[in-house]
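Visitor:
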Amino acid sequence: MSIQIHKTAIVDAGAKIGQGTKVWHWSHVSAGAKIGNDVVLGQNVFVGNNCEIGNNCKIQNNVSIFDNVFLEEAVFCGPSVVFTNVYNPRALINRKDQYRDTLIKKGATIGANSTILCGLEIGEFAFIGASSLVLKNVPSYALMVGSPARQIAWIGEYGEKLDLPLTGKMETICKKTNQKYILNGSILTKC
1 MSIQIHKTAI VDAGAKIGQG TKVWHWSHVS AGAKIGNDVV LGQNVFVGNN CEIGNNCKIQ
61 NNVSIFDNVF LEEAVFCGPS VVFTNVYNPR ALINRKDQYR DTLIKKGATI GANSTILCGL
121 EIGEFAFIGA SSLVLKNVPS YALMVGSPAR QIAWIGEYGE KLDLPLTGKM ETICKKTNQK
181 YILNGSILTK C
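Residue 92 in my numbering is what sits at position 92 of the sequence shown, and the numbering runs on without skipping anything.
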């Protein structure tokens with residue numbers, strides 16, 4: 001599998017791009033970026049120097065992945081998702097030494113037009129609904145919506161809501177995959 005880079009895209013010398021990755025129209029990958037295998041960077045995507053994108057990620061149009069944003073494998077970023085990397089930016093003050101790391105864990109989905117504040121962790125297979133504003137860490141398998149985002153349900157790896165309360169002690173089976181999930185307090189795990 002070869003790498004596909006559209007003729008309008010810019011990939012700076014030194015960028016590491018894995019096999020099967022596609023970089024589409026007017027995207028820019030900076031020299032220090034590390035991008036895994038089978039990644040799709042849609043139109044007008046920017047990837048900074050100190051960024052890592054895991055295998056099988058899908059980054060839709062108009063997303064900027066700034067320095068200190070790290071995506072594990074199989075992360076989906078919908079169109080126009082916004083990441084930040086400085087908590088209190090000012091045009092006249094250089095705060096590049098204050099970048100905060102943001103980690104998006106395996107299998108997470110971030111819906112279109114959502115904003116992720118810097119320095120947070122989005123848990124495995126969490127689902128951020130479209131146009132949400134995420135201001136705090138998100139647990140694995142949490143379904144978050146709104147501005148500010150709040151958890152409204154649990155969601156399985158298949159992307160379907162699970163029949164569970166937000167907290168408590170119980171278990172359920174995903175109707176689509178027959179995977180078992182156990183809720184213990186406010187932590188959900190797959191068995």
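Yeah, the Cβ is synthetic: ideal placement off N, Cα and C, and Gly gets one too.
Need the endpoints of the beta strand (DSSP E) that Phe212 sits in, please.
Guide: Residue 212 cannot be examined here, being either before or after the span of the chain that is shown, 1 to 191.
Visitor: How would you label Lys189, buried or exposed, when you count the other beta carbons within 10 angstroms and need 16 or more for buried?
Guide: Inspection of the sequence shows that residue 189 is occupied by Thr rather than by Lys. The residue is exposed, with fewer than 16 neighbouring Cβ atoms inside 10 Å.
Visitor: Suppose contacts are defined by Cβ-Cβ distances below 8 Å. Is Ser140 in contact with Glu124 by that definition?
Guide: Against a cut-off of 8 Å, the Cβ pair of Glu124 and Ser140 comes out as a contact.
Visitor: Ignoring anything shorter than 3 residues, give me the beta strand (DSSP E) runs that lie fully in the segment 12-44, in order along the chain.
Guide: The qualifying runs do not exist here; there are none.
Visitor: If I'm right that Cys118 touches Arg100 with Cβ under 8 Å, what's the distance once you round it to whole angstroms?
Guide: Indeed, because the Cβ distance is near 4 Å, the residues count as touching under 8 Å.
Visitor: Measure how close the beta-carbons of Val75 and Ala108 come, nearest whole angstrom, since I'm counting them as under 8 Å.
Guide: Right, the Cβ-Cβ distance comes to about 5 Å (below 8 Å), so this counts as a contact.
Visitor: How long is the line joining the alpha carbons of Asn137 and Trp26, rounded to whole angstroms?
Guide: Going from the Cα of Asn137 to the Cα of Trp26 covers about 32 Å.
Visitor: Given this structure, state the Cα-to-Cα distance separating Leu166 from Ala126, to the nearest angstrom.
Guide: About 14 Å.
Visitor: Using C-beta distances below 6 Å, list every residue in its chain close to Phe66, excluding the 5 sequence neighbours before and after it, in chain order.
Guide: Once the five neighbours on either side are set aside, the close Cβ partners of Phe66 are Gly48, Phe83, Asn85.
Visitor: State buried or exposed for Met1, treating a residue as buried only when at least 16 other CB atoms are found within 10 Å of its CB.
Guide: Per the 10 Å Cβ criterion, exposed.
Visitor: Pull the bridge partners of Glu52 from the DSSP assignment, please.
Guide: According to DSSP, Glu52 bridges with Lys34, Phe70.
Visitor: Please classify Ser237: is it buried, with 16 or more other beta-carbons within 10 angstroms of its beta-carbon, or exposed?
Guide: Because the chain is modelled from 1 through 191, residue 237 falls outside the range shown and cannot be assessed.
Visitor: So within the segment 118-185, which uninterrupted beta strand (DSSP E) runs reach at least 3 residues, ignoring any that extend past its ends?
Guide: As far as the segment 118-185 is concerned, its whole beta strand (DSSP E) runs of at least 3 residues are 142-145, 150-155, 168-173, 180-185.
Visitor: According to DSSP, which residues form a beta bridge with Gln98?
Guide: Paired residue(s): none; Gln98 is not in a bridge.
Visitor: Please tell me whether Leu162 and Ile152 are closer than 8 Å, where the distance is taken between their beta carbons.
Guide: No, the Cβ-Cβ distance between Leu162 and Ile152 is not below 8 Å.
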